[in-house]
Amino acid sequence: MLNPKLTLFLNKFYDMAFKKNTILNNEKVSIKKGDTLLIIDSTWSDVDFNHLRELKSCDVKIIPVVYDLIPISYPEYCSEDFVSLFEYWIKNILDISDKFITISKDVKKDLLLHFKELEEKKVDYFYLGCDFKNNSYDEQNINSGYKNIFNTKNVFITVSTIEPRKNHNYILDAFEKLWSKNIDVKYVIIGRIGWKVDDFISRVKNHKQYNKNLFIFNNIDDEHLLYAYKNSKALIFASYIEGFGLPIIESLHNKLQVLASDIGIHREIGRDFVSYFNLNDINSLAKLIEDDNFNKNIDDFNKNIDDFKWISWEESAKDLIEKVLKAE
Numbered sequence: 423m424l425n426p427k428l429t430l431f432l433n434k435f436y437d438m439a440f441k442k443n444t445i446l447n448n449e450k451v452s453i454k455k456g457d458t459l460l461i462i463d464s465t466w467s468d469v470d471f472n473h474l475r476e477l478k479s480c481d482v483k484i485i486p487v488v489y490d491l492i493p494i495s496y497p498e499y500c501s502e503d504f505v506s507l508f509e510y511w512i513k514n515i516l517d518i519s520d521k522f523i524t525i526s527k528d529v530k531k532d533l534l535l536h537f538k539e540l541e542e543k544k545v546d547y548f549y550l551g552c553d554f555k556n557n558s559y560d561e562q563n564i565n566s567g568y569k570n571i572f573n574t575k576n577v578f579i580t581v582s583t584i585e586p587r588k589n590h591n592y593i594l595d596a597f598e599k600l601w602s603k604n605i606d607v608k609y610v611i612i613g614r615i616g617w618k619v620d621d622f623i624s625r626v627k628n629h630k631q632y633n634k635n636l637f638i639f640n641n642i643d644d645e646h647l648l649y650a651y652k653n654s655k656a657l658i659f660a661s662y663i664e665g666f667g668l669p670i671i672e673s674l675h676n677k678l679q680v681l682a683s684d685i686g687i688h689r690e691i692g693r694d695f696v697s698y699f700n701l702n703d704i705n706s707l708a709k710l711i712e713d714d715n716f717n718k719n720i721d722d723f724n725k726n727i728d729d730f731k732w733i734s735w736e737e738s739a740k741d742l743i744e745k746v747l748k749a750e
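Numbering (my numbering), first residue to last: 423 to 750.
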């Protein structure tokens, strides 16, 4: 039977997430022995470990959700302050948690690899959900200049924050090889500007292909993003490391081919619906784009993509609760 305190929390969370005009009040929640505290959001900077230890001493179960271990496994892609903050958080949360839930098998594997004192039975995973209610756009709302970019069949997009971990330089290197051969392809970068990318942004805006075959958009709305998904040839996702990779799911849902770096999490969520390239070979992506077989396989991709399904947020939440209750 579902813990009544957990039920109360989930009902309120569901209301906040999915119902409009919700107003929070200051109602206190009574916590008793046997309750479960599910730490589902990022708490690296605001968690009170003294309070958590107090709850632990009262036999309250503590279960955090871990999204990734990038600050530990790839600290070069994070600020020094954030690495220190995350290391402090993970060290303390390890001592008091009854169970961990990650957002993928790949992150679960990473957690067990880095912290060998963890028992595998104390680590589980679930997948984040995706709901695609708005699957159409109003043609009249799309900027005419933006539409002109997509008036050919050879437009490739990236959708992500622009930061070193996302590896945009690798992609641009590949397109430079293609442009040097006079291959007619466009590269459209979509995403807000993150940290440590001043040199890349300068490289883009001073490129001879800028606003010809190379474009960058840092603040587009959902309709323009959907237009890109619906009118491109493929998404390119070249990350060195990810906890999940939502744009892959969004692209496949919109029947858009995906070219992704060959890393564990991409294989896990993209399965056989995605074409993979080798980050250690600078020519790998360029060869894939240029490959006649890739271009001929579009029809086969369109036939198979109907088999791609992903869970909704409601299904994701139910799975998460099942994993939480296993710790009861």
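Where is the CB? At the ideal position from N, CA and C, for every residue including glycine.
Problem set entry | Among ILE512, TYR547, SER519, the one whose alpha carbon lies nearest that of SER526 | On the sequence shown, position 104 is the one that residue 526 refers to. Measuring from the Cα of SER526, the nearest candidate turns out to be TYR547.
For this session: Could you tell me which uninterrupted alpha helix (DSSP H) segments, each at least 4 residues in length, are contained entirely in the stretch 571-654, listed from first to last along the chain?
Result: 590-602, 620-627, 644-653
Problem set entry | Local Cβ density within 10 Å of ASN604, reported as buried at 16 or more and exposed below that | Residue mapping note: residue 604 aligns to position 182 of the sequence shown, counting from 1. Exposed is the call here.
Exercise. What are the complete beta strand (DSSP E) segments, minimum 3 residues, inside the stretch 490-578?
Worked result: 522-524, 545-547
Problem set entry | Coarse secondary structure for LYS731, derived from DSSP in three states | For the purposes of this step, residue 731 is taken as the residue at position 309 of the sequence shown. Correct three-state label for LYS731: coil.
For this session: Please report the residue range of the alpha helix (DSSP H) in which LEU668 lies.
Result: The residue given as residue 668 occupies position 246 in the sequence shown. From DSSP, the alpha helix (DSSP H) with LEU668 extends over 668-675.
Exercise. Name the DSSP beta bridge partners of VAL482, please?
Worked result: By 1-based counting over the sequence shown, the position of residue 482 is 60. Per DSSP, none; premise fails for VAL482.
For this session: Go ahead and pull the three-state DSSP assignment for ILE445.
Result: Counting from 1 along the sequence shown, the entry for residue 445 is found at position 23. Caution is warranted here: a pLDDT of 49 is assigned to ILE445, below 50, making its placement in the model unreliable, and no coordinate value can be reported.
Problem set entry | Host alpha helix (DSSP H) of SER706 (start-end) | Taking the sequence shown and counting its residues from 1, one reaches residue 706 at position 284. 706-712 is the span of the alpha helix (DSSP H), which, as asked, contains SER706.
For this session: For THR458, name the three-state secondary structure that DSSP assigns.
Result: Start at 1 with the first residue of the sequence shown, and residue 458 comes out as number 36. Reduced to three states, the DSSP call for THR458 is strand.
Problem set entry | Of the listed residues ASP620, ASP643, ILE687, nearest to ILE612 (C-alpha basis) | Locating residue 612 in the sequence shown gives position 190, counting from the first residue. Comparing Cα-Cα distances from ILE612 to each of ASP620, ASP643, ILE687, the minimum goes to ASP643.
Exercise. What did DSSP end up calling LEU477 once you bin it into helix, strand or coil?
Worked result: Walking along the sequence shown from the start, residue 477 turns up at place 55. Reduced to three states, the DSSP call for LEU477 is helix.
Exercise. With a CB to CB cut of under 8 Å and the five nearest residues on each side skipped, what residues in its chain are close to GLY686?
Worked result: Residue 686 sits at position 264 when you count from the first residue of the sequence shown. Cβ within range, chain order: ASP528, LYS531.
For this session: Could you work out which residue in ASN565, VAL581, ILE727 is closest to HIS675 when comparing CA atoms only?
Result: As a first step, residue 675 must be located in the sequence shown, where it is residue number 253. Out of ASN565, VAL581, ILE727, ILE727 has the C-alpha closest to the C-alpha of HIS675.
Exercise. Run through DSSP, which three-state label would SER697 get?
Worked result: As a position in the sequence shown, residue 697 is number 275, starting the count at 1. Note: SER697 maps to strand in three-state DSSP.
Exercise. DSSP on ALA749, reduced to helix/strand/coil?
Worked result: Sequence index remark: in the sequence shown, residue 749 carries index 327 (1-based). Three-state result, ALA749: coil.
Exercise. In angstroms, rounded to a whole number, what distance separates the CA positions of SER582 and LEU648?
Worked result: Within the sequence shown, residue 582 is the residue found at index 160, counting from 1. Within the sequence shown, residue 648 is the residue found at index 226, counting from 1. Looking at the two C-alpha atoms, the distance is approximately 14 Å.
Problem set entry | Span separating the alpha-carbon of ILE485 from that of LYS745 | Against the sequence shown, residue 485 aligns to sequence position 63. Against the sequence shown, residue 745 aligns to sequence position 323. So the two alpha carbons sit approximately 10 Å from each other.
Exercise. Name the DSSP beta bridge partners of VAL488, please?
Worked result: For this step, residue 488 is matched to residue 66 along the sequence shown. For VAL488, which the question treats as bridged, DSSP gives the partners THR524.
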